[in-house]
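K.L.:
Input: one structure, supplied below.
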Amino acid sequence: MSVDSTDSLELLKAALTMAAVDGKISGHENALLKALAKRAGVGSASLDAMIKQAGENRTSCDDLFKRAVKDSERAMQLLVAAANIDGHISEEERNLLVDISFALGVSAERFNAIFQAGLATSKRIRRGREE
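When we follow our numbering, the leftmost residue of the sequence shown carries the number 758, and every step to the right adds one.
Written out as structure tokens, the structure reads:
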């Protein structure tokens, strides 16, 4: 499943919101955000402004996905990966993931499978950065 440039920007925004939901952006989360920004064609100054705004405004991710992401299961997998990029999913992050999946019409059964796939994706990303 490929992600086009519009989706890349929306995924960046959603990942940013997810990273900021627990009140701090870890080094792993920051690295993921930089990679997503590069994919979306967003420069470092713009990304810094987006990070600042995300910290100040806890915008709901589900609206971002409803507008732009065409594959809700892939979007959820990437969000889980973004939430777990620091090796931990906080209660706030987990609740937001559940809310987003519900808003996107992802069943509870599918969510569990998607959640596991997202965890595996984040582990692969972290391993790749450690090599």
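Virtual Cβ for every residue (Gly too), placed ideally from N, Cα, C.
Rounded to whole angstroms, how far is the Cβ of residue 765 from the Cβ of residue 793, which I believe are closer than 8 Å?
P.N.:
By 1-based counting over the sequence shown, the position of residue 765 is 8. By 1-based counting over the sequence shown, the position of residue 793 is 36. So it is a contact: roughly 7 Å between Cβ atoms.
K.L.:
Taking only three categories from DSSP, how would you classify residue 801?
P.N.:
Residue numbering aside, residue 801 sits at position 44 when the sequence shown is read from its first letter. Residue 801 falls in the helix class under three-state DSSP.
K.L.:
Could you name the residues of the same chain whose beta carbon sits closer than 6 Å to that of residue 819, not counting the 5 residues immediately before and after it, in chain order?
P.N.:
Taking the first residue of the sequence shown as 1, we reach residue 819 at position 62. With a pLDDT of only 47 at residue 819, under the threshold of 50, the placement of this residue in the model should not be trusted; the figure read from the coordinates follows. The answer, listed in chain order, is 857, 860.
K.L.:
Terminal residues of the continuous alpha helix (DSSP H) containing residue 829?
P.N.:
Here residue 829 refers to the residue found at position 72 when the sequence shown is read from its first residue. Residues 829 to 840.
K.L.:
Spatial neighbours of residue 867 within its chain, please: C-beta separation below 7 Å, excluding the five flanking residues on both sides.
P.N.:
Walking along the sequence shown from the start, residue 867 turns up at place 110. Result list for residue 867: 830, in chain order.
K.L.:
How big is the Cα-Cα spacing for residue 863 and residue 802?
P.N.:
Residue 863 sits at position 106 when you count from the first residue of the sequence shown. Residue 802 sits at position 45 when you count from the first residue of the sequence shown. Between residue 863 and residue 802, the C-alpha separation is close to 35 Å.
K.L.:
Output yes or no for whether 8 Å exceeds the beta carbon distance between residue 883 and residue 842.
P.N.:
Counted from its first residue, the sequence shown places residue 883 at position 126. Counted from its first residue, the sequence shown places residue 842 at position 85. Taking 8 Å as the Cβ cut-off, residue 883 and residue 842 qualify as a contacting pair.
K.L.:
Could you check which residue in 847, 780, 785, 798 has the C-alpha nearest to that of residue 809?
P.N.:
Taking the first residue of the sequence shown as position 1, residue 809 is located at position 52. The candidate whose alpha carbon is nearest that of residue 809 is 780.
K.L.:
Mapping the DSSP letters down to three states, classify residue 845 as helix, strand or coil.
P.N.:
Along the sequence shown, read from residue 1 onward, the residue named residue 845 stands at position 88. Three-state result, residue 845: coil.
K.L.:
State the CB to CB distance for the pair residue 807 and residue 836, rounded to an integer number of angstroms; the pair is presumed to be in contact (CB under 8 Å).
P.N.:
Taking the sequence shown and counting its residues from 1, the one referred to as residue 807 is at position 50. Taking the sequence shown and counting its residues from 1, the one referred to as residue 836 is at position 79. That pair is no contact at about 16 Å.
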